[in-house]
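J.:
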Amino acid sequence: MVDASILPLVVSAARVRRDGRDIIGPLDAELAAEGTTLVIGPNGAGKTTFLRMLHGLERLSGGTLRWQALEREVRRRQAFVFQSPVMMRRSVLENAAYPLILRGRTRRQAREAAAGWLARIGLAEAAERPAHVLSGGERQKLALARALVTEPDLLILDEPCASLDGRATREIEALLVAARAAGTRVVMSTHDMGQARRLASDVLFLHRGTIREAGPAEAFFEQPQTPEARAFLRGDIVE
Amino acid sequence: MNEIWQGLIEAGRLIATLDADLIEISLRSLQVTVTAVLIASAIGIPFGAWLAVKRFRHRRAAIALLNALMGLPPVAVGLFVYMLLSRSGPFGVFGLLFTPAAMIVAQVFILTPLVASLAHQSMRELWADYHDLLISLGATRRQRIAAIVRDGRRALLTAALAGFGRGIGEVGAIMIVGGNIDHATRVLTTAIALETGKGNFALALGLGFVLIGLAISVNWLVHTLSRTEGGARW
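Going down the list, the protein sequences come from chains A and B. First residue of the first sequence? That's 88 in this note's numbering, and the numbers climb one at a time after it. First residue of the second sequence? That's 22 in this note's numbering, and the numbers climb one at a time after it.
What follows is the structure in C-alpha cells.
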C-alpha cells in the first residue's frame, strides 16, 4: 500500500454550503501520507461535514481537494465509518463481505476475507446471525471490519466511539492502532480528549467550519497556540 | 341467514365432491392472477426501487401519479384493454380478446401500479437507511437497487401479496375482456356474478367462500414458505 498511495491530500479553500450558510470554509488543510489525525472541536464546528467532504459525500461549493490519484481511484481506496453504524439487513458475515462483492470479488473470496476479519474482531461466533441483533459495540466493530476489509489507504471515522462503553472503546482503539501499523492512514473525529491523546499523531482543531490549529499532537496538547484551542482543552464551553 | 347456511353447505359440498367445474374455474382464477402478479412484480418492484434511489426533476409528480394509479378503476382498465385487443384495435391481429391472456393483460395494468407503489414505499425507507453506506462504498445505481430489493424482500413479498389479493377478487376488468365464457374464460369472480344474477344464491355463496378460502390459503402458504414471521427474521 505504500506505493502510489492516494495521499498526501491538499485541501485548498474548500467550502461546503448548506441552506445558504457556509458549514465549512474556506478551509485549508494537508493530510500527510502517514499517521493518525484526530479532528477535534466543539459541537457544530463542522467535524462531521469536514470528514464527509474528505470522503466525497458532500459537494464542494468552492475550493479543491487534491489527491495523488484520479477521483474514481480515490473513492475506491478509502473507507468511512459512521457515528451510528449502518447495519444491512443481512448476516454479520454478509455485512463484512459486501464491500468486496461490490468490487467484483467472487462470493467465496469475499466470504473468506470477511470471515478472517470477523475472527480478528471477535465476532466469528456470530457470523451467521443477523447483524441487527448485535450490541452497539459489536455493530461498530463490524462496521470497522467492513471498512477495513477492502484494505483502504485511508480510513475515516466519525466519532466511532461516541456511544460506546469503555471496553468497546478499547477494542475499537486497538483495531485502529493495528490498522495504522498495517499502513492504513486514519482520520477520525472524537469528543473524548483522552482518546485523542491516546491515538493522535497529529491534530486538526476545527472551529466554526475552519481549521484554527493544526500540528503534531504532542505540541497541540502541551501548548495550544490559539485562545479557542486553549479554552477547549481546559474544558470551557467554546461556541 | 338461511341462504348463508345453504351457501356454506354448498361450498362444503363443492369442495368435498371435488366438483370438476369448481376446480377448473378455481385453477383458471389462480392461473390468471398468479401470472399477472408475477409480471406486475417483475415490472413494479424494480421500478419502485429505482424510484426510491433515483433523484430527478419530476420525481414527486411521478410518485403522486403512481399512487393515484393504485386506485385505477378495473372497469375502465377493462374497457381500455378491450379497445386495444378488439379486432379493430391496434393489437387485434393477435386474436387475444376473450382469452385468459387478455385477462392477464388487464390485470397487469391494474396490479403493476399497486405493486410498484407499495414497493416504492418500503424501498424508500430502506434506502434512507442505506443511502450513506452505499454511496460511501461506491455502489453503482444497479448495485444500490439490487441491495435494497434483496434486503427488503420481505416487504416486497407483502407488496406482491397485496397485488394477489386485489387480482384474485377483481371482476370488472376480466369480465369485460374475458367475457365469462364457460370452459374458456370463466373464473371464480365472474362465476359468482353470473350465479347471483341468475338468483342461484347458494352456488354463488359457495363459490364466494371458496374464493375467500383460496385467498387466505395462498397468503398463508407464501408466508409459511418464506417464514416471514419466524423468529429473528426481517
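A virtual CB, placed ideally from N, CA and C, is assigned to each residue, including glycine.
Just to confirm, is the Cβ distance from GLY69 (chain B) to HIS141 (chain B) under 7 Å?
T.: Mapped onto the second sequence, residue 69 (chain B) falls at position 48. Mapped onto the second sequence, residue 141 (chain B) falls at position 120. Yes, the Cβ-Cβ distance between GLY69 (chain B) and HIS141 (chain B) is below 7 Å.
J.: Looking at chain B, which residues of the stretch 131-148 of chain A have a Cβ within less than 8 Å of any of its Cβ atoms?
T.: Of all residues in the stretch 131-148 of chain A, HIS142 and LEU144 have a Cβ within less than 8 Å of some Cβ in chain B.
J.: Exposed or buried, ASP245 (chain A), counting other C-beta atoms within 10 Å across all chains shown (16 or more means buried)?
T.: For this step, residue 245 (chain A) is matched to residue 158 along the first sequence. By the neighbour-count rule (16 or more Cβ atoms within 10 Å), ASP245 (chain A) is buried.
J.: Going straight from the alpha carbon of ARG76 (chain B) to that of ILE166 (chain B), what length do you get?
T.: Taking the first residue of the second sequence as 1, we reach residue 76 (chain B) at position 55. Taking the first residue of the second sequence as 1, we reach residue 166 (chain B) at position 145. Rounded to the nearest angstrom, the two C-alpha atoms are 13 Å apart.
J.: Can you give the Cα-Cα distance for ALA119 (chain A) and GLY296 (chain A), rounded to whole angstroms?
T.: For this step, residue 119 (chain A) is matched to residue 32 along the first sequence. For this step, residue 296 (chain A) is matched to residue 209 along the first sequence. Straight-line Cα distance between these residues: approximately 21 Å.
J.: Which class does PHE167 (chain A) belong to by DSSP, given the choice of helix, strand or coil?
T.: To locate residue 167 (chain A), count along the first sequence from 1; it is residue 80. Correct three-state label for PHE167 (chain A): strand.
J.: If you drop the 5 nearest sequence neighbours on each side, which residues of the same chain put their C-beta closer than 6 Å to that of VAL266 (chain B)?
T.: No statement about residue 266 (chain B) is possible, as the shown extent of chain B runs from 22 to 255 and does not include it.
J.: Taking only three categories from DSSP, how would you classify ASP150 (chain B)?
T.: Along the second sequence, one-based indexing puts residue 150 (chain B) at 129. ASP150 (chain B): helix per DSSP, three-state reduction.
J.: Answer with yes or no whether the minimum CB distance from MET175 (chain A) to chain B is below 7 Å.
T.: Along the first sequence, read from residue 1 onward, the residue named residue 175 (chain A) stands at position 88. Chain B contact via Cβ: present.
J.: So with CB distances below 8 Å, who are the chain A contacts of TYR9 (chain B)?
T.: Outside the shown range of chain B (22 to 255) lies residue 9 (chain B), about which nothing can therefore be said.
J.: Would you call the stretch 98-114 of chain B and the stretch 153-171 of chain B touching, i.e. three or more CB-CB distances under 8 Å?
T.: Judged by Cβ distances under 8 Å, the stretch 98-114 of chain B makes no contact with the stretch 153-171 of chain B, as fewer than three pairs qualify.
J.: Pull up the distance between the alpha-carbon of ILE110 (chain A) and that of THR313 (chain A), whole angstroms please.
T.: Position 23 of the first sequence, counted from the first residue, corresponds to residue 110 (chain A). Position 226 of the first sequence, counted from the first residue, corresponds to residue 313 (chain A). The straight-line gap from Cα to Cα measures roughly 21 Å.
J.: Give every residue of the same chain whose Cβ lies closer than 7 Å to the Cβ of ARG159 (chain A), excluding the five residues on either side of it in the sequence, and list them in chain order.
T.: By one-based count along the first sequence, residue 159 (chain A) stands at place 72. There are no such residues.
J.: Near ALA73 (chain B), what residues of its chain come up, given a Cβ to Cβ distance below 6 Å and the 5 sequence neighbours on each side ignored?
T.: Here residue 73 (chain B) corresponds to residue number 52 of the second sequence, with the count starting at 1. For ALA73 (chain B), where only same-chain residues beyond five positions count, the Cβ hits under 6 Å are HIS141, MET144, ARG145 and TRP148.
J.: What residues of chain B sit near PRO186 (chain A), judged by a beta carbon separation below 8 Å?
T.: In the first sequence, residue 186 (chain A) corresponds to position 99, counting from 1. Here the neighbours are LEU158.
J.: So what's LEU106 (chain B) in DSSP terms, helix, strand or just coil?
T.: By 1-based counting over the second sequence, the position of residue 106 (chain B) is 85. The answer is helix: DSSP assigns LEU106 (chain B) an H, G or I state.
J.: Would you mind stating whether LEU117 (chain B) and LEU106 (chain B) have Cβ atoms separated by less than 7 Å?
T.: Here residue 117 (chain B) refers to the residue found at position 96 of the second sequence. Here residue 106 (chain B) refers to the residue found at position 85 of the second sequence. Contact: yes.
J.: In angstroms, rounded to a whole number, what distance separates the CA positions of LEU114 (chain A) and GLY150 (chain A)?
T.: By one-based count along the first sequence, residue 114 (chain A) stands at place 27. By one-based count along the first sequence, residue 150 (chain A) stands at place 63. Rounded to whole angstroms, LEU114 (chain A) to GLY150 (chain A) spans 8 Å at the Cα level.
J.: Just the C-alpha distance for PRO303 (chain A) and VAL103 (chain A), rounded to the nearest angstrom, thanks.
T.: In the first sequence, the residue the question calls residue 303 (chain A) occupies position 216. In the first sequence, the residue the question calls residue 103 (chain A) occupies position 16. Going from the Cα of PRO303 (chain A) to the Cα of VAL103 (chain A) covers about 26 Å.
J.: Go through its chain and collect everything with a Cβ distance to GLY224 (chain A)'s Cβ below 6 Å, but skip five positions before and after it.
T.: Counting from 1 along the first sequence, the entry for residue 224 (chain A) is found at position 137. Here the set comprises LEU251 and ALA255.
J.: Can you name the start and end residues of the alpha helix (DSSP H) that HIS142 (chain A) belongs to?
T.: Position 55 of the first sequence holds residue 142 (chain A). Taken as a continuous stretch (DSSP letters only), the alpha helix (DSSP H) holding HIS142 (chain A) covers 134-142.
J.: Could you give the C-beta distance for CYS248 (chain A) and GLN196 (chain A), rounded to a whole number, given that I count them as a contact under 8 Å?
T.: The residue given as residue 248 (chain A) occupies position 161 in the first sequence. The residue given as residue 196 (chain A) occupies position 109 in the first sequence. Contact doesn't hold; Cβ gap of about 31 Å is too wide.
J.: When you compare the CB of LEU152 (chain A) with every CB in chain B, is at least one pair closer than 7 Å?
T.: Your numbering for residue 152 (chain A) matches position 65 in the first sequence. With 7 Å as the cut-off, LEU152 (chain A) does not count as an interface residue toward chain B.
J.: Skipping 5 residues on each side, what residues in its chain have a beta carbon closer than 8 Å to that of ARG190 (chain A)?
T.: Taking the first residue of the first sequence as position 1, residue 190 (chain A) is located at position 103. Taken in chain order, the residues that qualify are ARG163 and THR237.
J.: Please confirm if LEU235 (chain A) has its CB atom under 7 Å from at least one CB of chain B.
T.: As a working note, residue 235 (chain A) is residue 148 in the first sequence. No - not a single Cβ of chain B is within 7 Å of the one on LEU235 (chain A).
J.: Buried or exposed: which applies to THR210 (chain B), given that a residue is buried once 16 or more other Cβ atoms fall within 10 Å of its Cβ?
T.: As a position in the second sequence, residue 210 (chain B) is number 189, starting the count at 1. That one is buried.
J.: Figure out for me which residue from A:TRP154, A:ALA211, A:SER171 and A:LEU125 has the closest Cα to the Cα of SER178 (chain A).
T.: As a position in the first sequence, residue 178 (chain A) is number 91, starting the count at 1. The candidate whose alpha carbon is nearest that of SER178 (chain A) is A:ALA211.
J.: Do THR123 (chain A) and SER288 (chain A) have their beta-carbon atoms positioned less than 7 Å apart in this structure?
T.: Numbered from its first residue, the first sequence carries residue 288 (chain A) at position 201. Numbered from its first residue, the first sequence carries residue 123 (chain A) at position 36. Going by C-beta atoms, SER288 (chain A) is nearer than 7 Å to THR123 (chain A).
J.: Going by the CB atoms, is the gap between HIS294 (chain A) and GLU315 (chain A) shorter than 7 Å?
T.: As a working note, residue 315 (chain A) is residue 228 in the first sequence. As a working note, residue 294 (chain A) is residue 207 in the first sequence. Going by C-beta atoms, GLU315 (chain A) is nearer than 7 Å to HIS294 (chain A).
J.: Considering only C-alpha positions, which residue in the set B:LEU135, B:ASN240 and B:GLY218 is nearest to LEU87 (chain B)?
T.: Position 66 of the second sequence, counted from the first residue, corresponds to residue 87 (chain B). Ranking the options by Cα distance to LEU87 (chain B), first place goes to B:LEU135.
J.: Would you mind stating whether LEU156 (chain A) and ILE298 (chain A) have Cβ atoms separated by less than 7 Å?
T.: Position 69 of the first sequence holds residue 156 (chain A). Position 211 of the first sequence holds residue 298 (chain A). The residue asked about is misnamed: residue 156 (chain A) is Ala in this sequence, not Leu. No, these two residues do not count as a Cβ contact at 7 Å.
J.: Quick check: is the beta carbon of LEU232 (chain B) nearer than 7 Å to any beta carbon in chain A?
T.: As a working mapping, residue 232 (chain B) is identified with position 211 in the second sequence. Chain A contact via Cβ: absent.
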